[in-house]
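Numbering (my numbering), first residue to last: 112 to 449.
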């Protein structure tokens with residue numbers, strides 16, 4: 112299926128649009144909150160009665176005032192999630208894009224060098240059995256927990272590891288996709304006619320690979336969101352963290368950017384006491400993952416649609432009159448005997 116036909120098929124997929132509108136709506140509200148509402152997050156540690164006497168102390172459970180409740184500092188969880196949505200989704204999109212670009216070139220190299228590619232493909236199989244979250248945790252946690260690096264250096268290092276752990280497997284996947292496409296008869300014919308590798312790739316392989324790369328990209332976005340949620344449980348905050356003083360004796364970890372994995376990690380130890388602090392960030396991840404899955408399913412259905420080309424009949428193209436003329440025919444019994 113060509114590029115234009117594929118895009119037309121995507122436009123016709125309601126699942127794709129449902130997922131796209133959910134993600135677009137979340138991002139739009141998050142940017143609106145930052146630039147129009149000045150990123151203001153309500154914070155009230157106490158609630159007062161009509162006589163202005165304190166009657167309750169944060170954290171507050173979900174109610175009409177605070178839809179998602181508050182944390183220990185009285186910070187509204189709903190607006191914290193709205194503020195952090197753009198960072199959460201943005202990090203997932205950025206990591207997925209970096210994975211795809213690096214793996215795309217890796218797949219090209221593996222498909223070019225046949226012998227070395229086979230060796231690397233066999234070696235990479237071990238990554239299938241390594242949990243990504245544990246691999247990231249073991250590599251990143253020693254750096255995150257030290258004080259010798261700046262906050263930005265820690266964030267970039269963690270994102271870099273999140274990218275690199277997926278590149279070997281993804282490179283092999285793209286290499287296999289290129290191999291499948293290269294088995295088509297028209298590509299083999301082009302090769303027999305003397306076309307070079309680059310010509311075949313740009314003219315024949317890449318147009319058929321574009322749709323599959325979009326599918327791989329959305330798969331990596333979903334994978335990254337899953338990984339971020341799991342890292343939050345392990346208290347590795349992708350968006351940075353600060354220690355905020357809660358009392359004279361205690362300091363609590365707080366997400367610097369309000370990205371959702373940080374919200375999960377900061378409240379995980381309070382899950383039994385205040386489950387809403389973990390439930391709503393997890394729900395946010397679930398909604399985004401579901402939305403991207405809708406988009407992914409829409410892309411897959413678009414790829415599975417047959418490429419139907421409507422052709423007009425020759426008579427319509429030439430304008431020839433195809434109606435029967437009864438005067439051209441004569442029954443045998445009406446003919447005169449010779």
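Note that the Cβ used here is the ideal one computed from N, Cα and C, for glycine as well.
Just so it is clear, the structure is predicted and the values come from calculations on it, not from any experiment.
Among the options, which one has its Cα closest to the Cα of residue i?
| i | options | result |
| --- | --- | --- |
| residue 134 | 282, 173, 203, 163 | 203 |
| residue 177 | 205, 349, 156, 164 | 156 |
| residue 268 | 248, 286, 287 | 248 |
| residue 214 | 390, 144, 408, 324 | 324 |
| residue 199 | 284, 373, 404, 254 | 373 |
| residue 319 | 300, 288, 277 | 288 |
| residue 241 | 252, 260, 197, 276 | 276 |
| residue 450 | 311, 246, 136 | Residue coverage of the chain in this structure runs from 112 to 449, which leaves residue 450 outside it and unanswerable. |
| residue 321 | 342, 343, 336, 292 | 292 |
| residue 403 | 132, 370, 388 | 132 |
| residue 394 | 371, 261, 257 | 371 |
| residue 238 | 263, 220, 284, 342 | 284 |
| residue 142 | 130, 173, 197, 174 | 197 |
| residue 313 | 219, 304, 116 | 219 |
| residue 286 | 118, 231, 158 | 231 |
| residue 398 | 130, 119, 263, 116 | 130 |
| residue 262 | 160, 415, 366 | 366 |
| residue 174 | 260, 164, 158 | 158 |
Determine, using beta carbons only, whether residue i and residue j come nearer to each other than 8 Å.
| i | j | result |
| --- | --- | --- |
| residue 376 | residue 386 | no |
| residue 235 | residue 279 | yes |
| residue 494 | residue 124 | In the structure as shown, the chain begins at 112 and stops at 449. Residue 494 is therefore absent and cannot be evaluated. |
| residue 64 | residue 217 | In the structure displayed, the chain extends from 112 to 449; residue 64 sits before or after that span and is not available. |
| residue 252 | residue 347 | yes |
| residue 195 | residue 368 | yes |
| residue 326 | residue 411 | yes |
| residue 121 | residue 409 | yes |
| residue 179 | residue 396 | no |
| residue 334 | residue 290 | no |
| residue 388 | residue 182 | yes |
Throw me the rounded Cβ distance for the residue i and residue j pair, which I believe falls under 8 Å.
| i | j | result |
| --- | --- | --- |
| residue 407 | residue 329 | 4 Å |
| residue 255 | residue 265 | 5 Å |
| residue 405 | residue 127 | 7 Å |
| residue 400 | residue 336 | 5 Å |
Any heavy atom of the ligand PLP inside 7 Å of the beta-carbon of residue i?
| i | result |
| --- | --- |
| residue 295 | Of the ligands one can find in the structure shown there are none, so the ligand PLP has no counterpart to examine. |
Hey, is the segment 183 to 198 in contact with the segment 146 to 154, meaning 3+ C-beta pairs nearer than 8 Å? yes
Contained alpha helix (DSSP H) runs [length at least 4] in the segment 211 to 270, N- to C-terminal order: 225 to 235, 243 to 255
Do three or more CB pairs link the segment 295 to 302 to the segment 260 to 273 at distances below 8 Å? no
Quick one: any contact between the segment 161 to 169 and the segment 380 to 400, if contact means 3 or more CB pairs under 8 Å? no
With a cut-off of 8 Å, do at least 3 Cβ pairs link the segment 139 to 149 to the segment 179 to 187? no
Hey, which unbroken runs of the alpha helix (DSSP H) at 4 residues or more fall wholly within the segment 369 to 412? 371 to 378
Runs of beta strand (DSSP E) wholly within the segment 138 to 217 (minimum 3 residues, chain order): 157 to 159, 165 to 168
Considering only residues of the segment 289 to 340, which uninterrupted alpha helix (DSSP H) runs meet the minimum length of 4 residues and lie entirely inside it, listed in chain order? 296 to 303, 308 to 311
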